[in-house]
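Structure first, commentary second.
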Amino acid sequence: MIRIENLEKVYKTEEVETTALNGINLHVKEGEFVSIMGPSGCGKSTLLNVMGLLDKPESGSYKFIDTELLTLNDRERSNFRKRNMGFVFQNFNLIDELTVFENIELPLIYNKIPTAERKKLVNEIIERMNIVNRSGHFPQQLSGGQQQRVAVARALVTKPKLVLADEPTGNLDSSHGNEVMELLCELNETGTTIVMVTHSSHDASFSNRIINLKDGHVISEKINKSRNEELI
Amino acid sequence: MFKLNLKIALRNLWKNKGFSLINIGGLAIGLASCLILLIYVSYEWSYDKQFANNDKTYVVYQSVVANGKTFSWSWTPNVMAREVQEKIPGVKYASHSTYPRAKLITVGENKLGSKAVFADQNFIKILDYKFIKGNSRQVLKDVNTIILTKSFAEKLFGNEDPINKIVKLENQDVLKVEAVVEDAPANSSIKFDCIMPWALFEKTESWAKEGNWGNNMCLTLVQLQDNKFFTEANGLMNGIYQRNQKDNTAKALLHPLTKWHLYADFENGKSVGGKIDQLKIFLLLAFCILLIACVNFMNLSTARSEGRAKEVGVRKAIGSTRKSLISQFFSESLLITFISTVLAFILVEASLPYFNNLLNISLQIDYSNVNFWFTLLALMIFTGFIAGSYPALYLSSFDPIKVLKGFKIKTDSSVSVRKVLVVGQFVFAACLIVCTAVIYQQLNYVKNKPIGYNQANLIQIAVDGKVRDKGKIELFKTQMIKSGAATDVTFFSSDVTEGGNNTTDVQWDGKNPKEMISFNHRGIGYDFIKTMGTEMISGREFSPKFPNDTSNVLLNEAAVKMMRLKNPIGKIITFWGFRLTVVGIVKDFVVESAYQKVAPMIFHLGTNDNANMIIARLNPNQNISSSLAKIDELVKGIEPNYPVNRKFVNESFEVKFQDEKLLGTLSNWFGGFAIFISCLGLLGLALFMAEQRKKEISIRKVLGASTANILTLLNKDFIKLVAIANVIAFPLAYIIINQWLSAFEYRVAISFIPFLLAVVISVIIAVLTVSIQSVKVAKANPIDALKYE
Chain A
5 MIRIENLEKV
15 YKTEEVETTA
25 LNGINLHVKE
35 GEFVSIMGPS
45 GCGKSTLLNV
55 MGLLDKPESG
65 SYKFIDTELL
75 TLNDRERSNF
85 RKRNMGFVFQ
95 NFNLIDELTV
105 FENIELPLIY
115 NKIPTAERKK
125 LVNEIIERMN
135 IVNRSGHFPQ
145 QLSGGQQQRV
155 AVARALVTKP
165 KLVLADEPTG
175 NLDSSHGNEV
185 MELLCELNET
195 GTTIVMVTHS
205 SHDASFSNRI
215 INLKDGHVIS
225 EKINKSRNEE
235 LI
Chain B
66 MFKLNLKIAL
76 RNLWKNKGFS
86 LINIGGLAIG
96 LASCLILLIY
106 VSYEWSYDKQ
116 FANNDKTYVV
126 YQSVVANGKT
136 FSWSWTPNVM
146 AREVQEKIPG
156 VKYASHSTYP
166 RAKLITVGEN
176 KLGSKAVFAD
186 QNFIKILDYK
196 FIKGNSRQVL
206 KDVNTIILTK
216 SFAEKLFGNE
226 DPINKIVKLE
236 NQDVLKVEAV
246 VEDAPANSSI
256 KFDCIMPWAL
266 FEKTESWAKE
276 GNWGNNMCLT
286 LVQLQDNKFF
296 TEANGLMNGI
306 YQRNQKDNTA
316 KALLHPLTKW
326 HLYADFENGK
336 SVGGKIDQLK
346 IFLLLAFCIL
356 LIACVNFMNL
366 STARSEGRAK
376 EVGVRKAIGS
386 TRKSLISQFF
396 SESLLITFIS
406 TVLAFILVEA
416 SLPYFNNLLN
426 ISLQIDYSNV
436 NFWFTLLALM
446 IFTGFIAGSY
456 PALYLSSFDP
466 IKVLKGFKIK
476 TDSSVSVRKV
486 LVVGQFVFAA
496 CLIVCTAVIY
506 QQLNYVKNKP
516 IGYNQANLIQ
526 IAVDGKVRDK
536 GKIELFKTQM
546 IKSGAATDVT
556 FFSSDVTEGG
566 NNTTDVQWDG
576 KNPKEMISFN
586 HRGIGYDFIK
596 TMGTEMISGR
606 EFSPKFPNDT
616 SNVLLNEAAV
626 KMMRLKNPIG
636 KIITFWGFRL
646 TVVGIVKDFV
656 VESAYQKVAP
666 MIFHLGTNDN
676 ANMIIARLNP
686 NQNISSSLAK
696 IDELVKGIEP
706 NYPVNRKFVN
716 ESFEVKFQDE
726 KLLGTLSNWF
736 GGFAIFISCL
746 GLLGLALFMA
756 EQRKKEISIR
766 KVLGASTANI
776 LTLLNKDFIK
786 LVAIANVIAF
796 PLAYIIINQW
806 LSAFEYRVAI
816 SFIPFLLAVV
826 ISVIIAVLTV
836 SIQSVKVAKA
846 NPIDALKYE
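Chain order of the listed sequences is A and B.
Under my numbering, read the first sequence as residues 5 to 236, first letter to last.
Under my numbering, read the second sequence as residues 66 to 854, first letter to last.
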């Protein structure tokens, strides 16, 4: 589904140029659950952001199914993103001023889904995520795990083809972290493609394939046999 | 501690350069606007106050009932002063003098037109002009003498000592220079170049010798020994006309000299204000602009509060009291105000010449004046305290534990206060927009109201010296037309854009003997109608074909209406004892105020003696400047000894609108400043809001919001505020503008357009201001704000 070729990204500050991505090649198949790992500063978050069209690389090619995404302008990128992608962040990134329900509803509003259908979709996902009794609350009133569930719900409500997760368990304790990982697995099992950046090999063990990054290069790739066997 | 606080304050200013710029700039513009307006107000306020006993000095006014209205003006009989001096108790001096008149003064070949006052000796005792040379007690005694102002003396004699030198008045009388006085300040009601003895006036104008209580021809000034005599003296003045002339219905009153300029409007013989009303508007404007600037300051300071919260927490935790925090924040606002004041000062100095030019006045900062420095200091402290009050109280109220533990400060209350402040600013801005628009509408309305004659290419040439001689006007007329410079020429007994002679002494059949009607009366030349571009309603105008025309008159429409004449042509009227036949009715045209209805007017055939203005319509097919040059040449040919005094009628007419124009210009400028300052405040607030909502905006973008979505989101709140401000402003503006308009006899109807204009302008301005800032945030890469927490 995703073909990334020779991707380069350089960060420029006043004096220093940092090469974050140095000719990355990466293919992701539909329905895959890929983890990206590597030490701090290896470029894994940058890669994820480029994949999510949140950041622009200097050169390379990024094909999604058959569309080249790097030549799109801002508006087209924004449109493509809202139709095809969902995001889960380490720090949840919920809007404090909106309730759980409204937070989840927001991407549907931007996708111009009619009100009645929006309501239906949000209620469905709230039920699925087990946060029905929280739908009127504000983010600050929830625990970290619950907040991340809301964030996942928000990422899924538009039924995206690809979910991008940036250290989804980073701010959670292990039991809440496991809950979230299980949620992602369930999701993957229903056919959603997931790309996740993580530090934790425990989390990575939930995925089909683990990619190791260092200094902007892919240094190794590992198929997670246990998970694949499970699948089979 | 103070040093440390100052350091923190300065570092804070430096760290947030954008905010500091908006803060200081806004405050500086506000202070500068306020200062200029205050300087203007004080300029107007100190009119005629330069004299030692100005508080005990009075101008004699007379009030007469005519056309059912009471008219009051400061024209009095020449015998008034002596009567007042002798009969009214408590009077120290009473003087009579002319108003400044245009007179030609020559020294050798140096010919200068001047404004001359003819006065008795008491005049310079009451108005104690500063004598540079000569003895103030000896002057104005001999007939052929003159006092010059310093600048006029320099124009006549250069650097030579003018004392005892000889000048010529109107090329006839030889006068000796007795003294030189300091020029009267620009804000004096009586501005002159020279003073000559009253006796000289009587010598040159023999009619002025005759003492006549019915002839109001001069200015009478009275100085009391003490103001405790005022009530009695003023009471006695009331009947002074009647005591001296039995059937004279006029009443006299004493009007304080210090109120002469600002309280010049009279109704029913009582002073009801005048320019002072305009001054009050400007004072209010000055105060409001300053307030707007202060509001900006409050807005920006509290908006930045989160950045300062930690400092407050630390200070409180290590033992600072709230009081010392408050004083710290106050000293910061005083520091900013001080910087702004310095900047404002530079702005004022830089812009004063421009304003002087624009308003045709001479404002300047009097640095030696203690009051000025005192006011400046007071203004600065006042601004510092007002601007610093809310931030100081708000910032110092933070709970140290909460801010240090990183709890978010509840911004609800401060946000709503800020919103109220922004609404307040925009209420003021919207009011100003509406008022300025209506002032312009009114000005245009009155300007474009038909005045009854055609002003285009119409010029007036003053009749001076030999031009007045028998046959010279006719000669000049023929020459002008022959040369092709003018197409039509006539003359008029006074300036067509000014008031002039009027009388109530007119009789006709069917007149109600108890009714007083005041008629303007003017002498006119032949071809008057064609030259002026006006029309005859019926009958005919004067013509050389009718040698009998000296016993005929024309009336204007207003006169016919006032006199209630059915078939006016052929009617006989008695005017100053002469029986005259009405031969024509002239369409009404404006000679005095364009704001009032045209007054009744009688036209009689003028003679060379009373022709004061030659009126000519320039040839439209000729180059104007060459026509003018030709005319000047012709005038010089007849009278080489006078400078040619010629002007365009439409230019003189413009002068009538000076007060309203001034109001329009000032409210336009300062309204613009007020709006600009409000925008700075809005910009600052938008800056802050966008900064605070950066994360939210990024999340929204990640979730698919377009730039337009984000801009709408950010603008929505501000537009709401501006809309509320407009709703509040409308009734306010309506009341204010209705009040202002009610003073005009002819006034424009208040339409919805100014209000619509206010909404459109304020919304556009708000959207632009907010968008300038938010576009940046809305377009930013969403990940930048999300990456680091």
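Every residue, glycine too, gets a C-beta built ideally from N, C-alpha and C.
- Across the structure, residue 362(B) and residue 724(B) are spaced so that their CA atoms are roughly 34 Å apart.
- Taking each of 846(B), 400(B), 808(B) in turn and checking the Cα distance to residue 339(B), the smallest one comes out for 808(B).
- The DSSP assignment places complete beta strand (DSSP E) segments of no fewer than 3 residues inside the segment 457-539 of chain B at 523-527, in order along the chain.
- Look at the segment 725-751 of chain B: it has no residue with a C-beta under 8 Å from a C-beta of chain A.
- Excluding five sequence positions before and after residue 167(A), the CB atoms of its chain that fall closer than 6 Å to its own CB belong to 90, 159, 196, 198, given in chain order.
- With a beta-carbon spacing of about 5 Å, residue 316(B) and residue 128(B) fall inside the 8 Å limit used to define contacts.
- An exposed status is given to residue 349(B), since fewer than 16 other beta-carbon atoms sit within 10 Å of its beta-carbon.
- Contact check between the segment 786-795 of chain B and the segment 822-835 of chain B: three or more CB pairs, one atom from each, fall below 8 Å, which counts as touching.
- Taking 9 Å as the CB threshold, residue 764(B) lines the interface with chain A.
- Residue 352(B) and residue 99(B) have their C-alpha atoms some 7 Å from each other.
- Taking 7 Å as the cut-off between beta carbons, the residues of the segment 53-75 of chain A near chain B are 53, 58, 59, in sequence order.
- When the beta-carbon positions are compared, residue 623(B) and residue 819(B) stay at least 9 Å from each other.
- If you check the CB distance, residue 554(B) and residue 678(B) do not come in under 9 Å.
- Take residue 701(B), set aside five residues on each side of it, and the residues of its chain with a beta-carbon closer than 7 Å to its own are 709, in chain order.
- Ranked by how close their Cα comes to the Cα of residue 638(B), the residues 566(B), 655(B), 617(B), 626(B) have 617(B) in first place.
- In the three-state scheme derived from DSSP, where H, G and I count as helix and E and B as strand, residue 141(A) is classed as coil.
- Nearest neighbour of residue 243(B) by Cα position, chosen from 268(B), 267(B), 202(B), turns out to be 202(B).
- Residue pairing of residue 682(B) in beta bridges, as defined by DSSP: 523(B), 553(B).
- Every alpha helix (DSSP H) stretch that sits fully inside the segment 403-463 of chain B and reaches 4 residues is listed by chain position as 435-460.
- Under DSSP, residue 48(A) forms no beta bridge with any residue.
- DSSP places residue 573(B) in the uninterrupted beta strand (DSSP E) bounded by 571-573.
- Annotation: the continuous alpha helix (DSSP H) that includes residue 263(B) extends over 263-269.
- Going by DSSP, residue 111(A) is part of the alpha helix (DSSP H) stretching over 104-114.
- Counting along the chain, residue 109(B) sits inside no beta strand (DSSP E); it lies in the alpha helix (DSSP H) bounded by residues 82-110.
- With its beta carbon less than 9 Å from one in chain B, residue 82(A) belongs to the interface.
- Among the residues of chain A, those whose CB is under 8 Å from the CB of residue 767(B) are 56, 58, 85, 91, 97, following chain order.
- The alpha-carbon of residue 48(A) is positioned some 21 Å away from that of residue 192(A).
- Cβ atoms of residue 185(B) and residue 209(B) stay farther apart than 8 Å, at about 16 Å.
- Taking 9 Å as the CB threshold, residue 217(A) stays off the interface with chain B.
- As computed with DSSP, residue 162(B) is found in a beta bridge with 184(B), 284(B).
- Between residue 287(B) and residue 482(B), the C-beta gap is not smaller than 9 Å, which leaves the two residues out of contact.
- Neighbours of residue 114(A) in chain B, taken as residues at a C-beta separation under 9 Å, are given in chain order as 765, 768, 769, 770, 771, 774.
- At least 9 Å separates the beta-carbon of residue 498(B) from that of residue 596(B).
- Distances from the CA of residue 657(B) to each of 423(B), 190(B), 670(B), 585(B) were compared; the closest alpha carbon is that of 585(B).
- Residues of chain B whose Cβ lies closer than 7 Å to the Cβ of residue 79(A) are, in chain order, 771.
- Scanning its chain for C-beta atoms nearer than 7 Å, with the 5 sequence neighbours on each side dropped, one finds around residue 191(B) the residues 122, 158, 160, 286, 288, in chain order.
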